[in-house]
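See structure below.
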Amino acid sequence: MQRLLATAVGADRADALAQYLAVLINLRRSGEYSATMDAAFEAARAHPDPARIGLLHSLAAVVALHDNSLETCVWHLVLSARTLSAVELTDANIVRAWHNLAMAYSYSGFHGHALGAIGRALAVAASLGIQTGFFAAPGIRVRHAVSLDQRGDTEGCTRILRDVVHDFGLRRRNGELEMLRPISIREYGYAIARLAALGHHGPLVDTDPRVLLQADDDSVTARDFAVLGAVCLAIAEHRPVEALARLETAEVSDETLGAAEGHRLRALAYLTAGDLAAAYDADRQAFRIAGASNEKLRDLFVEGMAARVDHDDLRRRADWYAGAASTDSLTGLPNRRSLEQYVDERVAKGKSLVLGVCDLDGFKAVNTVHGHHSGDLVLQRVAGVLIRVMRRGDFVARYGGDEFVVVLATTSQEEASEIARRIVNAVSGEDWESLVPGTPVSVTIGWAGISDDGPIATVTDAFVAADQEMLKAKQMPRAS
């Protein structure tokens, strides 16, 4: 792969980078995610193709999930779905992109969306005469099933797992097993083993799940299915001590089957051992963890609605100040051109203004650790914060990079200080941990006055003066 990346150019390089990012995700080589993702998106923009862009957004969603940034994950999922849904002429690349989006949805816990996306993938594949076996994704239904069981709906879980096992039997009778990817075979094996752990030992298939769980695949997800599958079989064969011992030493990713799966299997092992109290405690833990994801989604929904309100307000203000040429495309705020026009018009009318330069602290670390796409999300959120904090009649613009400018009508130093305090507190009070974990973001502000009869009468001069004040403020010790 490294040799291919070194020699590939143009669209081939964009595809190679997307493939390499997928390999890194499968191997959980998280240290290389950010740089590879940025390079892949940069190459894709130079050679735009809906399938490629949709695929990259689905991979970026999984990267964000690894970083425990649910908001960024959802953002990429939405962009991927919108990009792919707009495609009219389909090909094998679109099938692959829908398939990857389905997997991203599934890992993120959006099981209904995952089923819809894999349905699109299979439908497009069938319309193109492509064998659907390679794009079979039993893991999507398996994750859906165990999520139901973790939340107490064991009957629903059993019904879905039976359907998965039945599907495996049909594929085997139709001679389609050779078309399946190894990871799909392991997922079928886990479905059989998980049913057995729930006490269903009927003759659904006459295939030993141990064989399926050892299908040739070196990904972390495949390993997790084998590890947890062995636990399920120990439970099914009434070896609870072995099952508990395996769980004690198991190192599995929460994304494979959810963070609650280990606790649910522990509950089943204790139940097999006759320790009802321990089984109850483990089951409650599984239920609590499974429910926590829903709470995060509710919080994200509320934040999403707030962001939508902010965005609508931003667009209305941008339309008021200028057209598209005067608007920053990323944040929706007026840009430098609009800022200069706004200030020049008011200074020409003899009005005095106060200009503040707002510079983000920690933004470089965001781009370095999480990549430029997360940096864009930070800038968009800061823009929304500034709009919420500023008074009616104040002006907010993005000057460039991570620098924003606020312009106040004639005001006292005390009022400017109060505005600065509100901005600093609002930015620091945002939940940056959920968006860019481990890289907090704050803001430092410097002020300068503008007036027609004063030493500073232009945006450029005021920006230089305010920027110097901002740098001085950065050097001052922060209150603890």
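So for the sequence shown, our numbering puts the first residue at 942; every next one is plus one. A virtual CB, placed ideally from N, CA and C, is assigned to each residue, including glycine.
Between residue i and the rest of its own chain, which residues show a CB-CB distance below 6 Å, the 5 nearest in sequence each way excluded?
i	result
A1219	Y1211
A1357	V1295 and W1388
I1126	L1153 and A1156
A1324	T1272 and L1274
A1263	In this predicted model, A1263 has a pLDDT of only 45, less than 50, meaning its place in the structure is not dependable; the value taken from the coordinates is given anyway. Excluding positions up to five away in sequence, the list reads S1279.
D1343	L1301 and F1304
L1349	V1295 and D1335
A1191	V1168
Is the Cβ-Cβ distance between residue i and residue j less than 7 Å?
i	j	result
A1027	S999	no
G1074	G1130	no
V1172	A1132	no
V1288	D1393	yes
A1200	Q1091	no
A1078	N1034	no
P1181	T1148	no
A1038	L1020	no
R1339	D1269	yes
R1363	V1384	no
A1134	P1123	no
A1367	V1400	no
R1205	A1227	yes
D1165	S1194	yes
Within a Cβ cutoff of 8 Å, which residues of the same chain sit near residue i, ignoring the five residues on either side of it in sequence?
i	result
H1052	Y1046, I1081, R1084, H1085 and S1088
L1412	G1387
V1307	S1315, G1316, V1319, V1377, T1380 and V1382
S1421	Unreliable positioning characterises S1421 in this predicted model, as indicated by a pLDDT of 43, which lies under 50. A coordinate reading is not provided.
G1341	R1277
I1397	A1389, G1390, I1391, A1403 and A1406
K1415	D1300, D1302 and T1385
D1032	A992 and L1069
Going by DSSP, name the residue or residues bridged to residue i.
i	result
S1383	D1302
A1475	Absent from the structure is residue 1475, since the part of the chain shown begins at 942 and ends at 1421.
L1349	V1295
E1189	DSSP lists no partner for E1189.
According to DSSP, is residue i part of a helix, a strand, or is it coil?
i	result
V1307	helix
D1408	helix
G1097	helix
R1092	coil
A1077	coil
V1337	strand
P1275	strand
T1268	strand
E1281	helix
A1263	Only weak support exists for where A1263 lies, its pLDDT of 45 falling under 50; the value from the coordinates is given anyway. Coil, per DSSP.
E1344	strand
A1398	coil
S1049	helix
T1013	helix
A1317	Inspection of the sequence shows that residue 1317 is occupied by Asp rather than by Ala. Correct three-state label for D1317: helix.
S999	helix
A1027	coil
Excluding sequence positions up to five away, which residues of its chain have a Cβ less than 7 Å from the Cβ of residue i?
i	result
S1375	S1010, L1011 and E1012
A1055	A1043, Y1046, S1047 and I1081
A1167	R1127, L1154 and Q1155
C1014	A1002, A1005, L1006 and S1049
L1185	R1207 and A1210
L997	A959, A981, F982 and A985
A963	L1000
W1016	L1318
E1410	G1387, W1388 and A1389
H1313	D979
D1408	V1298 and G1387
A1022	L1042
If you compare alpha carbons, which of the options is closest to residue i?
i	options	result
Q1321	R1037, T1272, L1327 and G1203	T1272
V1365	H1313, T1401, A1406 and D1300	D1300
I1391	A959, E1281, I1328 and R1164	E1281
T1162	R1180, L1327, T1197 and I1176	T1197
S1160	M1331, I966, S1021 and G1232	I966
H1040	A955, V1065 and R1362	V1065
R1112	Q1072, A1138, I994 and A1134	Q1072
L1102	M1120, A1138 and I1124	A1138
H1142	A1406, A952, A1062 and E1178	E1178
V1337	R1363, V1368 and G1297	G1297
G1395	I1230, S1293 and E1355	S1293
L1136	M1120, E1096, D1165 and D1222	E1096
D1094	F1076, D1224, G1060 and T1031	D1224
G1215	A1227, G1203 and I1176	I1176
V1346	E1355, S1353, Q1354 and I1360	I1360
Between residue i and the ligand MG, is there a pair consisting of the residue's CB and a ligand heavy atom that are separated by less than 6 Å?
i	result
Q1354	In terms of ligand content, the structure shown is empty, and the ligand MG therefore cannot be addressed.
Flag residue i as yes if its beta-carbon sits less than 7 Å from any beta-carbon of chain B, otherwise no.
i	result
M1331	No chain B is part of this structure, which consists of one protein chain only.
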